[in-house]
Structure formats: C-alpha cells, structure tokens
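In what follows, a structure is listed as structure tokens, so that the remarks can point back to it.
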Amino acid sequence: MNDLTTDRLADAWQHVRDTTPPAEADPLVLDCARRLAADPGGEQAPVWVAGLVAMSGYLAWRPGQEAGSSALDALRAAAKALGGRPCAHGHHPYETGTDGLGDEIGRGDRGLPAGGRAERDGGGEGHVDAGRALCPAHVAGWARLAIDVIAPFTVRGVPAGAPAEHHGHVGTLSGIVNDHPYCDPHEVLIEEAGSLPARPTRGALAGYLVTMNATCWYAASERVTERAVPEAMIKGVEAAAALLPDVPCTHGSDGHPDTDDPDHLTLVGYLLRTPGGRAELAEDHGWDEDDEDDEGGEPLDGWLCPAFLHGLAAETLEALTDGLKSFETA
Numbered sequence: 001m002n003d004l005t006t007d008r009l010a011d012a013w014q015h016v017r018d019t020t021p022p023a024e025a026d027p028l029v030l031d032c033a034r035r036l037a038a039d040p041g042g043e044q045a046p047v048w049v050a051g052l053v054a055m056s057g058y059l060a061w062r063p064g065q066e067a068g069s070s071a072l073d074a075l076r077a078a079a080k081a082l083g084g085r086p087c088a089h090g091h092h093p094y095e096t097g098t099d100g101l102g103d104e105i106g107r108g109d110r111g112l113p114a115g116g117r118a119e120r121d122g123g124g125e126g127h128v129d130a131g132r133a134l135c136p137a138h139v140a141g142w143a144r145l146a147i148d149v150i151a152p153f154t155v156r157g158v159p160a161g162a163p164a165e166h167h168g169h170v171g172t173l174s175g176i177v178n179d180h181p182y183c184d185p186h187e188v189l190i191e192e193a194g195s196l197p198a199r200p201t202r203g204a205l206a207g208y209l210v211t212m213n214a215t216c217w218y219a220a221s222e223r224v225t226e227r228a229v230p231e232a233m234i235k236g237v238e239a240a241a242a243l244l245p246d247v248p249c250t251h252g253s254d255g256h257p258d259t260d261d262p263d264h265l266t267l268v269g270y271l272l273r274t275p276g277g278r279a280e281l282a283e284d285h286g287w288d289e290d291d292e293d294d295e296g297g298e299p300l301d302g303w304l305c306p307a308f309l310h311g312l313a314a315e316t317l318e319a320l321t322d323g324l325k326s327f328e329t330a
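In UniProt numbering, the protein residues as written are 1 to 330.
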C-alpha cells in the first residue's frame, strides 16, 4: 500500500466497518498501524491516528489478532508521544463532544486530518483550523478515545461525561427498579431488551447485560402483567450471551463486581456503553482522569470479564424464565 496517496488511504479507511471482512480490513489496519508505530510523534502521526480512529468500529468488533494488537500498540505509542507536549489551546474538539459521543467514534466528523485535509468539527462551530486539528494534545485525545473503545478501561485521560440521553434512560430504569415507575414499565423494558446492537463493542455488550440483570427481578415480578416483557428480555440476553467469547477468567475470586444493588446497576449498565460514560464510572471509583500516568483507583475491567458476564447472563435468564412460568400457571 506504499504506492497509495494518503487521500486514497483515507477514503479506504472510511469504508472499513464492523461488517468488513478481515481479509479486506486487516491489511489497511496493519499498514496504518505500522506507519504510526514507526514515528508516533512525527509530523504524519495525526493522519495515521485518524486512520485508526476511522477503523475503530472494525477494531472494536472482531479484527485479526495481529491487526488488533498492532493498532492498540501504535495508538498507545502516539498517545504517549503526543500527549505530553505543550499546547496553547484552551480546549479541543475531542474534549467538548464526549457527552454526546457513543462508541461509534469512527463515524462522523472528528476534527482530525483526513489525508491532507482537516475534517469539520462535529461540534458544529465551523471548520477546525489546521493548528487545532494537528495539535498534539488533540490528536493524543483521539488516540485515547480509540484505545478506550477497542479496549475499555486500559487508558486514562478520557473526558468524563455520558450522553444526556443515557442518563435519561438511567433515570427511567431507576424509577422502575425502585418500584416507582413514571412511565409504562412494560414498554420501557421491551424497548431496552431490543436495544442490543448487531455487533456491539465490548463496553456496549457488557452494559446491555448489566442493564438486563438490573431489571430482570422487576420483569419477573407480579408487577409485570405482559408475558411479552420476559420473552423479549430472554431473547435479548440469549443473543448477547452468544456473542461473549469463551475465554478463561483472569480475575481472582474477588475480582468481579458486586451486583446486589439493581439501582446502581442501572447506572453502570449505561455508563459502560460510551467512552465518556466509562470515564465517569472510573472517576467515581477513584481514577484521576486528568493524570494520564495515574494508576490509582479501583480496577474496573471486571465489568467486561466474559466469565463474569456469562454468569450474569445465566442468573438473568434463570430469573426471567421463572417469571415466565407464572404466566403459564395463571
């Protein structure tokens, strides 16, 4: 791919999605990661970071092993090389948009250079000037966002703030699990059950399963009078569990989170789904998001552990199945 111009490469990157076959996507990822790793703090680093950000949807799904690890290594090197440089800007586009940003960071405008061009700022305040688009702090910020989407809770320095829409969902679900719903819980729970993306990121998949567990006890209770609710939730949880990898647990017996508080789980379930939400959760657990080198605070990767999530799904399905039986005996 050395004979391709950066503009042509940028066009190819934009067409890499979670549905792209590895045979097509991996060579583009590996080429971009190789170029970035060769000079992570160099003049062209913003272009290669932009390429990996554009392909982050693919990298967050099921990339080839070499492509995935190479991309993460290159992004980490860039974040380290660029993040510590002085900056005269008061703010950067990546900092102001996380409260409306999901895990689909590869889509839309990012204020990063695309080929030889700077993209339009997604904040809607006009075009990002070249100095701001190429600012090392700004590029390092996007590198960290991409790392967090691909491998959640392995990087710091991501601005905290879950999307307002997600906090709205949390408020609605909190009312339901506390038995004070201010809307029709049947409609809400069926909608939540159907919200699993076809190819969720690790954070989105974990968040979905946590939300289903938080609400399964209510769905299995006498408060729910429509069997469509547990049926929809069972269907969704089974589909989500089927997406979990079957890998050994790397945590000790005390390494998994406490799930005894459904109200808290409604919050965690949505915070897990976005970079800003995960940063908000990390901040609540003692992480210093302003210090990229800080290693304090509680470890949070247990929320993403496949073994933990398999167990959570099994617990959820057991409760929902028992609740469904009550309709058969009624």
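In this text, a Cβ means the ideal position worked out from N, Cα and C, and glycines have one as well.
Since the model is a prediction, treat every value here as computed from it, not as a measurement.
| Check | Outcome |
| --- | --- |
| Quick one: grab the DSSP three-state call for C183. | coil |
| Am I right that D263 and V177 are in contact with their C-beta atoms under 8 Å? What's the rounded C-beta distance? | 6 Å |
| Just to confirm my understanding: we take T19, look at its own chain, exclude 5 residues before and 5 after, and list those with CB closer than 8 Å. What are they? | R199 |
| With a Cβ-Cβ cutoff of 8 Å, do T172 and V188 count as a contact? | yes |
| Hey, how far is the Cα of L17 from the Cα of F327? | Going by the sequence as given, residue 17 is Arg instead of Leu. Near 42 Å, if we compare the C-alpha coordinates of F327 and R17. |
| Quick test of the definition: if touching needs 3 or more C-beta pairs under 8 Å, does the stretch 303-321 touch the stretch 237-249? | yes |
| If you run the structure through DSSP and keep just helix, strand and coil, what is D301? | helix |
| Using the three-state DSSP reduction, which class does L28 fall into: helix, strand or coil? | helix |
| Going by beta-carbon coordinates alone, are V49 and V139 separated by less than 8 Å? | yes |
| P230: which of H186, I105 and G41 sits nearest, CA to CA? | H186 |
| Nearest CA to the CA of G161: which residue from L244, G42, D31 and L267? | L267 |
| Assuming L59 and A71 are in contact, meaning their beta carbons sit under 8 Å apart, how far apart are those beta carbons, in whole angstroms? | 5 Å |
| Going by alpha carbons, who is nearest to E24 out of L145, V155 and A12? | A12 |
| Kindly give me the distance between the Cβ atoms of A54 and Q14, rounded to whole angstroms, as I take these residues to be in contact under 8 Å. | 6 Å |
| Work out the CA separation of C87 and G126 for me, nearest whole Å. | At G126, the pLDDT of 45 sits below 50, so the modelled position is not reliable and the matter cannot be decided from this model. |
| Give the secondary structure of Q44 by DSSP, where H, G and I count as helix, E and B as strand, and everything else as coil. | coil |
| Please determine, among E165, A164, V149 and H166, the residue with the shortest C-alpha to C-alpha distance to V158. | V149 |
| Pop quiz: P197 and A204 are said to be a contact at Cβ under 8 Å. What is the actual Cβ separation, rounded to whole angstroms? | 6 Å |
| Using a 10 Å radius around the Cβ and a threshold of 16 neighbouring Cβ atoms, would you call A242 buried or exposed? | exposed |
| Look up P197 in the DSSP assignment and say whether it is helix, strand or coil. | coil |
| Between L134 and K80, what straight-line distance do the alpha-carbon atoms span, to the nearest angstrom? | 16 Å |
| I'd like the list of long-range same chain contacts for S56, defined as Cβ closer than 7 Å, with 5 residues on each side in sequence excluded. | I105, G106, A146, V149 and I150 |
| With 16 other CB atoms within 10 Å as the buried threshold, where does T6 fall? | buried |
| If you measure between the beta carbons of A74 and L52, is that distance less than 8 Å? | yes |
| Under 8 Å, do H285 and L272 count as touching if we go by C-beta distance? | no |
| Need the endpoints of the alpha helix (DSSP H) that I234 sits in, please. | A228 to A242 |
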